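Student: This is the structure I want to talk about, given as structure tokens.
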Amino acid sequence: MIVLLSVRPGTLESTMTQDLSPAERYAAARRRAAEQATALAGFREMYDFGLDPFQIEACQALEAGKGVLVAAPTGSGKTIVGEFAVHLALQQGKKCFYTTPIKALSNQKYSDLCRRYGSDKVGLLTGDNSVNSDAPVVVMTTEVLRNMLYAGSQTLRGLGHVVMDEVHYLSDRFRGAVWEEVIIHLPESVTLVSLSATVSNAEEFGDWLDTVRGDTEVIVSEHRPVPLFQHVLAGRRMYDLFEEGEGHKKAVNPDLMRLARTEASRPSYQDRRRGRNMREADRERERRQRTRIWTPGRPEVIERLDAEGLLPAITFIFSRAACEAAVQQCLYAGLRLNDEEAREQVRALVEERTAAIPREDLHVLGYYEWLEGLERGIAAHHAGMLPTFKEVVEELFVRGLVKAVFATETLALGINMPARSVVLEKLVKWNGEQHADITPGEYTQLTGRAGRRGIDVEGHAVVLWQRAMNPEHLAGLAGTRTYPLRSSFKPSYNMAVNLVEQFGRHRSRELLETSFAQFQADRSVVGISRQVQRNEEGLSGYKESMTCHLGDFTEYARLRRELKDRENELARQGATQRRAEAAVALEKLKPGDVIHVPTGKFAGLALVLDPGLPAGRSHGHRGFDHQDGPRPLVLTAERQVKRLAAIDFPVPVEPLERMRIPKSFNPRSPQSRRDLASALRTKAGHIPPERHRKRRSQAVDDREIARLRTALRAHPCHGCDDREDHARWAERYHRLMRDTRQLEHRIEGRTNTIARTFDRIVALLTELDYLRGDEVTEHGKRLARLYGELDLLASECLRERVWEDLGPAELAACVSALVYEARAADDAMAPKLPSGRAKAALGEMVRIWGRLDALEEDFRISQTEGVGQREPDLGFAWAAYMWASGKGLDEVLREAEMPAGDFVRWCKQVIDVLGQIAAAAPTEDSTVAKNARKAVDGLLRGVVAYSSVG
4 MIVLLSVRPG TLESTMTQDL SPAERYAAAR RRAAEQATAL AGFREMYDFG LDPFQIEACQ
64 ALEAGKGVLV AAPTGSGKTI VGEFAVHLAL QQGKKCFYTT PIKALSNQKY SDLCRRYGSD
124 KVGLLTGDNS VNSDAPVVVM TTEVLRNMLY AGSQTLRGLG HVVMDEVHYL SDRFRGAVWE
184 EVIIHLPESV TLVSLSATVS NAEEFGDWLD TVRGDTEVIV SEHRPVPLFQ HVLAGRRMYD
244 LFEEGEGHKK AVNPDLMRLA RTEASRPSYQ DRRRGRNMRE ADRERERRQR TRIWTPGRPE
304 VIERLDAEGL LPAITFIFSR AACEAAVQQC LYAGLRLNDE EAREQVRALV EERTAAIPRE
364 DLHVLGYYEW LEGLERGIAA HHAGMLPTFK EVVEELFVRG LVKAVFATET LALGINMPAR
424 SVVLEKLVKW NGEQHADITP GEYTQLTGRA GRRGIDVEGH AVVLWQRAMN PEHLAGLAGT
484 RTYPLRSSFK PSYNMAVNLV EQFGRHRSRE LLETSFAQFQ ADRSVVGISR QVQRNEEGLS
544 GYKESMTCHL GDFTEYARLR RELKDRENEL ARQGATQRRA EAAVALEKLK PGDVIHVPTG
604 KFAGLALVLD PGLPAGRSHG HRGFDHQDGP RPLVLTAERQ VKRLAAIDFP VPVEPLERMR
664 IPKSFNPRSP QSRRDLASAL RTKAGHIPPE RHRKRRSQAV DDREIARLRT ALRAHPCHGC
724 DDREDHARWA ERYHRLMRDT RQLEHRIEGR TNTIARTFDR IVALLTELDY LRGDEVTEHG
784 KRLARLYGEL DLLASECLRE RVWEDLGPAE LAACVSALVY EARAADDAMA PKLPSGRAKA
844 ALGEMVRIWG RLDALEEDFR ISQTEGVGQR EPDLGFAWAA YMWASGKGLD EVLREAEMPA
904 GDFVRWCKQV IDVLGQIAAA APTEDSTVAK NARKAVDGLL RGVVAYSSVG
């Protein structure tokens, strides 16, 4: 696409125009005049920099009335397209909603748009903030827009454009469904602007948008405006990850590969402990290597980056506590990155931004330690911090007054906080279940913060050297710049009643089948269907090849297969019986029994030290939780102490002798093992192992096998000269038929999956009288106003009047169980709960959840598939009760053992749900709605009430 701009005399464009013919100059002038008349021309004059080609292309598509999907790297300026949608809506006298995935990003975008268009034209709607909500431009979280659509809000009138920033969030398994709900349910007249990170299947996502939203232009840009250079910091040296190869092809730095080989050749910890066996020259070489290769400490890294001119930097550490520890380490090391003038600017801004926080709470929040770090230009940034503190860190970092930030990966999610350098301490993170390698997508998201457009010529990603690091693996992460977008859409109870109320069951089902999740499933089915077709062609060929002139070879092949299956079944039964007999024999072993281990690495004479029986069958010995039966601990005749498994005993084992095990025997002592093994050989070394005779096969006496063999011999095809050739084709036919049926089963499983889940949810809601056909009952209308993971549980609690007669603080404690989820499972002790009515109500909530859980199992609704009600978590009930009761922050945080940021976040989520309950609760003969509003007032105070927005 060629874009001609206005021409000024003396410029390159004017010189080129002079070289054109009169007709060409006239055409160029017409194009310039037409462009000057567009909304884009006026928009471009608002910026003091030129727009990139992808931005121009997207803006032109928007002005032409098309929807757009813009997929571009972090920091490339794709939000310019969203801002043009705002500009276009204002110019056309329409509304524009700008949605973001997180409140912090909403607050930031609200501030940006206020500066450009004025606070009278821009509003903000998040779960806990409402500012000028009737403005023509409103910034909001995606959930707020979803709730508006279901409620049929009047605010939607006159809506012309919706910008969905960070739309790749729809792959988030907890919240991603909200994005698809919004995209599906937005009125057709609304133009959608989708802004995404660079994903590998942007065209697929664009095709879906084209299907559900109409004409959508897909614009993909993989160009980074600021080039990114990758490094590894090992010891005192900064290595480039890549070196330029032939034809600009990047290859892994050979110096790094040599370093990895050197590291791999270093003696292990066990080898170093056996130092007496190492030659002095080896030890000297290891000392030299160790002085060259080490992982630099955090203060050392910051000093190195400062010396190289690579600050400001964000160091990603996948632990909140480690982020705080990193700041303290830098302070103890005496690091100072700010001069006196910068320190004074920091103090002035911090005091201004925190003026509204009660003075008595500052000490509790660690304000003075936090301020000391900021004055030195060092800070942490993570979800456990007070939101105000995080906002201050972000502002100071953007201003260049904080130069080193230690952050968790949440900072990479959309916050506009670019740096010159990004440091990754490790390439492994805890994913909630285990420590796992970060993915190429996560690596791209994290390192995408490096390089500030208009400030830096280049950005730098630095990975700290770790033992056993593989440079080729790192190069693979760095070289994979995209990742696929996968839908996480699943129907919920609230979604079901809202859809049925608006569209009826049949139309709702059709709408859900238009989801991106079903679109992706259907596309995957296309490839499987083609494979089924190819298989069916192959089957017809195989069937022809196995045709026999003497009779039906298909029937003959079936008889052969049944005979083989029966023989295999009997063989399995025999093996199972032998294993069972062996397990019974092992259970009879006692300490001191001398046995002969029949097979395995430790076959031969052995002394039983511990029978290793499963828990509960230990006969006085320590039980082990072995799923595969007993695992005896033995001493072999070769002085090895090993725990054996059932696989080492394919046949039953009987004690050959008995020996006394000395009380002084220590299995870790080589001398003890040597003495006892010697006694074992003396006691039983002359006894030959028992020989086990091979059993008579069950197949010999099996009547079914005899019948099948008789039928085979009597079949006409049995006498065919080409019988075995036909049989080979028949076996191929059978294998291909089995594979084809599996593929058909996969197709069946992927077709209408979302609609089938919806049907099960509707069936359960009908059972509970939330739905009656296409009618939504009063209970269903209440559920339609409750959004959240435990929407049905909340509705059932209202229905059964569980919260009646609770005080505001008691109600806050109960509602906290609907939103709170502990970061890690902690089974050490039960959480502290308020006594009396609140405790009884919490117990009743858990009982109702148990009933719903059993009902979900009956209707095949599974939490593992992202549908269903998790168990309420009571871990925040005591903290919510205390805070709503008016207790001080110091006391509450001490009792809750929780960071201030987490406390504020959970309080705001409780406030959000209390607001929903106040709206949904019956007003007649009920105190719940009134007490919910009082509970909101009790929670919304102090640090929870403070907000820097507005």
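Just so you know, the sequence shown maps onto residues 4 to 953 in this note's numbering.
For each residue, glycine too, the CB sits at the ideal point set by N, CA and C.
Since this is a predicted model, take the numbers as computed values, not measurements.
Since I believe leucine 65 is in contact with threonine 219 (beta carbons under 8 angstroms), could you give me their beta-carbon distance rounded to a whole number of angstroms?
Tutor: That belief does not hold up - the Cβ atoms of threonine 219 and leucine 65 are roughly 11 angstroms apart, past 8 angstroms.
Student: Name the DSSP bridge partner or partners of phenylalanine 100?
Tutor: Val141, Val165
Student: Are the CB atoms of isoleucine 381 and aspartate 333 within a distance shorter than 9 angstroms?
Tutor: What sits at residue 333 in the sequence shown is cysteine, not aspartate. Yes.
Student: Can you find the residues in the same chain that come closer than 7 angstroms, C-beta to C-beta, to glycine 554, ignoring five residues on each side of it along the sequence?
Tutor: His718, Pro719, Cys720
Student: Sort out for me which residues DSSP pairs histidine 509 with in a bridge.
Tutor: In DSSP, histidine 509 forms no bridge with anything.
Student: To the nearest angstrom, report how far apart glutamate 540 and histidine 729 are at their CA atoms.
Tutor: Using only the alpha carbons, I get a separation of about 18 angstroms.
Student: Mind checking which residues open and close the beta strand (DSSP E) that includes arginine 240?
Tutor: 240 to 243
Student: Closer than 8 angstroms by C-beta to leucine 566: which residues in its own chain qualify, once you throw out the five before and the five after it? Chain order, please.
Tutor: Ile708, Leu711, Arg712, Leu715
Student: Taking the CB atoms as reference points, tell me whether isoleucine 360 and glutamate 428 lie closer together than 9 angstroms.
Tutor: Using a Cβ distance threshold of 9 angstroms, isoleucine 360 and glutamate 428 do not count as a contacting pair.
Student: So is phenylalanine 100 buried or exposed if we call it buried at 16+ other beta carbons inside 10 Å?
Tutor: buried
Student: Kindly identify the DSSP beta-bridge partner or partners of glycine 607.
Tutor: Val600
Student: For the putative contact between glutamate 610 and leucine 683, defined by C-beta atoms under 8 angstroms, what is the C-beta separation to the nearest angstrom?
Tutor: Before going on, a small fix: residue 610 reads as leucine here, not glutamate. Confirmed, about 5 angstroms.
Student: Given a threshold of 16 other Cβ atoms within 10 Å of its Cβ, counted over all protein chains shown, does alanine 938 qualify as buried or as exposed?
Tutor: buried
Student: Is it true that the stretch 183 to 192 meets the stretch 113 to 131, where meeting means three or more beta-carbon pairs spaced less than 8 angstroms apart?
Tutor: Contact check between the stretch 183 to 192 and the stretch 113 to 131: fewer than three CB pairs, one atom from each, fall below 8 angstroms, which does not count as touching.
Student: To the nearest angstrom, how far is the alpha carbon of glutamate 225 from that of glycine 78?
Tutor: 11 angstroms
Student: Note the first and the last residue of the continuous beta strand (DSSP E) segment covering valine 946.
Tutor: Run containing valine 946: none in the beta strand (DSSP E); it sits in the alpha helix (DSSP H), 945 to 948.
Student: Round the Cβ separation of leucine 231 and threonine 450 to the nearest angstrom and send it over; I've been treating them as touching at under 8 angstroms.
Tutor: 6 angstroms
Student: Among Gln58, Leu116, Val147, whose alpha-carbon lies nearest the alpha-carbon of threonine 129?
Tutor: Val147
Student: Exposed or buried, tryptophan 297, counting other C-beta atoms within 10 Å across all chains shown (16 or more means buried)?
Tutor: exposed
Student: Using the C-alpha atoms, what's the distance from glutamate 378 back to glutamate 347?
Tutor: 8 angstroms
Student: Could you tell me which residues DSSP pairs with serine 199 in its beta bridges?
Tutor: Ala74
Student: Quick check: the Cα distance between lysine 645 and glycine 688, rounded to an integer number of angstroms?
Tutor: 19 angstroms
Student: Does the separation of the CB atoms of glycine 891 and glutamate 363 fall below 9 angstroms?
Tutor: yes
Student: Tell me the rounded alpha-carbon separation between glycine 85 and glycine 544.
Tutor: 57 angstroms
Student: What residues in its chain sit with their C-beta under 8 angstroms from that of valine 535, if we drop five residues either side in the sequence?
Tutor: Thr743, Leu746, Glu747, Ile750
Student: Please list the segments of the beta strand (DSSP E) lying wholly inside the stretch 395 to 479, counting only runs of 3 or more residues, in order along the chain.
Tutor: If we require 3 residues or more, the beta strand (DSSP E) runs fully inside the stretch 395 to 479 come out as 407 to 410, 424 to 427, 431 to 433, 438 to 440, 462 to 467.
Student: To which residues of the same chain is tryptophan 182 closer than 7 angstroms at the C-beta, ignoring the five residues directly before and after it?
Tutor: Thr145, Met167, Val170, Tyr172, Leu173
Student: Do the stretch 847 to 854 and the stretch 878 to 887 make contact, defined as three or more Cβ pairs closer than 8 angstroms?
Tutor: no
Student: In whole angstroms, what is the alpha-carbon distance linking lysine 604 and aspartate 651?
Tutor: 8 angstroms
Student: Whose CA, out of Ile920, Pro925, Val913, lies closest to the CA of glycine 941?
Tutor: Val913
Student: Quick check: what's the CA-CA separation for phenylalanine 409 versus valine 947?
Tutor: 25 angstroms
Student: Which one or two residues does DSSP pair with histidine 721 in a beta bridge?
Tutor: DSSP, once it has assigned bridges, lists no residue as partnering histidine 721.
Student: Across which residues does DSSP place valine 535 in a beta bridge pair?
Tutor: None, per the DSSP bridge assignment.
Student: As a quick exercise: from Asp342, Tyr335, Glu375, Arg661, pick the residue whose alpha carbon is nearest that of glutamate 354.
Tutor: Glu375
Student: Pairs of beta-carbons, one from the stretch 516 to 535 and one from the stretch 799 to 816, closer than 8 angstroms: are there three or more?
Tutor: Judged by Cβ distances under 8 angstroms, the stretch 516 to 535 makes no contact with the stretch 799 to 816, as fewer than three pairs qualify.
Student: Could you name the residues that DSSP lists as bridge partners for serine 798?
Tutor: In DSSP, serine 798 forms no bridge with anything.
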